[in-house]
Structure formats: structure tokens, C-alpha cells
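According to this note's numbering, the sequence shown is numbered sequentially starting from 553. Ideal placement from N, C-alpha and C gives every residue a C-beta, glycine not left out. Notes follow the structure.
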Amino acid sequence: MSSTTAAELAAQILAAMDSPEVQAKAEQALERSKALGFESDWDAVPEKLRAFRQAIFASAKVLPPGGSVETGVFRGGTSGPLILSNPPESFHIGIDPFGNAAQSYPELAEAYAQWKPVRRTLKRLTKLAQERDVTYLHYAMGSSRFAECDLLEVGQQVRVVHLDGDHREQAVIDELAYFRRKIQRPCLFVLDDHDSTYPGVETAMQKAGQGMAKVFHRLYDYPGFPTKLGFSAWVHCS
Ligand SMILES: C[S@@+](CC[C@H](N)C(=O)[O-])C[C@H]1O[C@@H](n2cnc3c(N)ncnc32)[C@H](O)[C@@H]1O
Numbered sequence: 553m554s555s556t557t558a559a560e561l562a563a564q565i566l567a568a569m570d571s572p573e574v575q576a577k578a579e580q581a582l583e584r585s586k587a588l589g590f591e592s593d594w595d596a597v598p599e600k601l602r603a604f605r606q607a608i609f610a611s612a613k614v615l616p617p618g619g620s621v622e623t624g625v626f627r628g629g630t631s632g633p634l635i636l637s638n639p640p641e642s643f644h645i646g647i648d649p650f651g652n653a654a655q656s657y658p659e660l661a662e663a664y665a666q667w668k669p670v671r672r673t674l675k676r677l678t679k680l681a682q683e684r685d686v687t688y689l690h691y692a693m694g695s696s697r698f699a700e701c702d703l704l705e706v707g708q709q710v711r712v713v714h715l716d717g718d719h720r721e722q723a724v725i726d727e728l729a730y731f732r733r734k735i736q737r738p739c740l741f742v743l744d745d746h747d748s749t750y751p752g753v754e755t756a757m758q759k760a761g762q763g764m765a766k767v768f769h770r771l772y773d774y775p776g777f778p779t780k781l782g783f784s785a786w787v788h789c790s
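Laid out in C-alpha cells, this is it:
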């Protein structure tokens, strides 16, 4: 594995996304997530969520076993599938200051600063993780605080990182720099909202994504939005 390059792993993950095994697991994860009531901002674009699930299950097939990290949890629409893609006795780390309007999206406080859905989401994710023998840890803080406090153990076996919190350039640079420094093994990074609505994601990638190999960068029509919205996936090798 150590001699396999990031570009080779990226190509393997892209190919594995279309394998019947990965597609079946991705569909099962959708059913389970729906049954548990998880929601995503992307529910209006099912093909985007399908590609997300296929990418994380493909990473589980191609990369060494390991757990997941997510910045930006909201209603659990992507945390649920991440937990489902993890092997037993691994972990899922969620990082989101949601409920706390000052630290979340202050301008969107109505949607993001409500404690009731936060409690409901955390309870559902805890239940799912327990069923799967996955250790679930939620950090109620912004990702910059998580990085400042250096809360990721060196040597944690992280297989996938999903960045879906603060999409401004400096925030994404800080996330990439921190997680890439701490994760010393091949790992899939998924960058949400990598599109013209959030140009900071692209500029952050240019500044802090050196050496990462692209798996894909996809854009979609989103109902009611004038421009295409999308996301990307990359392989980091330390
Ligand atoms: C778009 S939602 C996440 C959606 C979820 N990943 C999904 O697809 O279902 C964005 C979340 O990012 C959180 N957030 C905002 N700033 C953050 C930061 N600096 N670090 C971590 N999370 C943040 C918000 O509180 C919000 O819950």
C-alpha cells in the first residue's frame, strides 16, 4: 500500500464507486438514514448524495480500514452514511457548533441555532453508532477551535474527512492544513460546496491541497439556485 500513489488510489476509488458492491452498500445506507430521519441540505439533489455515499463506501473498499471525521453535521444527512461506512471498533468524529448561533452560521441563526433538532440529531447518531459498534464523538465547537486545541490524536486511523462547515477560504485552509498534518496515511477528503457560491473552497484547495489527487469534482443543478452547486473528493497521502 505504501508504494501506491495518491493518483492511483484516486483512480481506484473512482472505479470502485461504480462497483455493484459499493452501489448496494450506498443504497442500503440511504434506506437506513431515511429510516432514522436524517436530513441533508442536499436532499433535493439525490444524485449528489448518492455520489457522496458511493465515494465514502468506495474509500472503505480501497483504503486501509479506519474511521471518519466531519465538520458540519446539521441534521445528520452525511454523518449517518459516514458512520455506516465505518468498520466496527472504529470511530466517527463530528465537529459542529450548531445550536450556538454565535459560532455556527450567525446570519442563518433561524435554521442553525435551534437546540431541539441538535439534540434529536445527536441522539440518532449516537444510537446508530452504538448499533454499529462505532465510537461516536461530537465536538460542539468550530473546526478552528478543534484544531487550535489539537484534539485529533496523532496516529488516529482516519479513512475519510468530510469538510462541510465554514466554507470561507481561511477556514478551509485551516481545516486542510490541520487534518493533513495529523493524518499520516492515505485518506479521502470530501469538500462540500466546492463551487462558485463558495469560491473560498477552490482557493483553499489551491493553497493547502498540494499533492492531493482528485477523485472527482462534480456540479449539479440545485432547485431554485441560478448557478450550479457541487462538491469534490481527493486523496491525501502523507
Ligand atoms: C450545510 S450544514 C452541514 C450539512 C451536513 N453535512 C449534511 O450534508 O447533511 C453546515 C453545518 O456547518 C456548521 N458549521 C458552521 N461553521 C462551522 C465551523 N467553523 N466548524 C464546524 N461546523 C461549522 C453549521 O452549524 C451547520 O450545522
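- Within the stretch 554-634, the complete alpha helix (DSSP H) segments of 4 residues or longer fall at 558-569, 572-588, 598-614, listed in chain order.
- Of all C-beta pairs linking the stretch 610-620 to the stretch 662-676, fewer than three are shorter than 8 Å, placing the two stretches out of contact.
- At a Cβ-Cβ threshold of 8 Å, R672 and L588 do not count as neighbours.
- Residue side-chain check: P633 keeps its Cβ at 7 Å or more from all non-hydrogen atoms of ligand 1.
- Using a Cβ distance threshold of 8 Å, G761 and W786 count as a contacting pair.
- Proximity of the stretch 591-602 to the stretch 628-641 meets the contact definition, three or more beta-carbon pairs being nearer than 8 Å.
- At least one heavy atom of ligand 1 falls within 7 Å of the beta-carbon of V625.
- With 16 or more other CB atoms across the displayed protein chains lying within 10 angstroms of its CB, C739 is buried.
- Counting every other CB atom within 10 Å of its CB across the protein chains shown gives E583 a total below 16, marking it as exposed.
- Judged by DSSP in its simplified three-state form, K668 adopts helix.
- Residue burial annotation: S637 is buried, with at least 16 other C-beta atoms found within 10 angstroms of its C-beta.
- With 16 or more other Cβ atoms inside 10 Å of its own Cβ, K734 counts as buried.
- Shown here, F650 sits in coil according to DSSP, grouped into three states, outside any helix or strand.
- Counted as a single uninterrupted DSSP element, the stretch harbouring D716 is not any beta strand (DSSP E), since DSSP gives it neither H nor E.
- With 16 or more other Cβ atoms inside 10 Å of its own Cβ, S642 counts as buried.
- For A692, there is no enclosing beta strand (DSSP E), since its DSSP letter is neither H nor E.
- Non-local C-beta neighbours of L689 in its own chain, meaning closer than 8 Å and more than five positions away in sequence, comprise F643, H644, I645, G646, ordered along the chain.
- A residue is called buried once 16 or more other Cβ atoms fall within 10 Å of its Cβ, and C789 is buried on that count.
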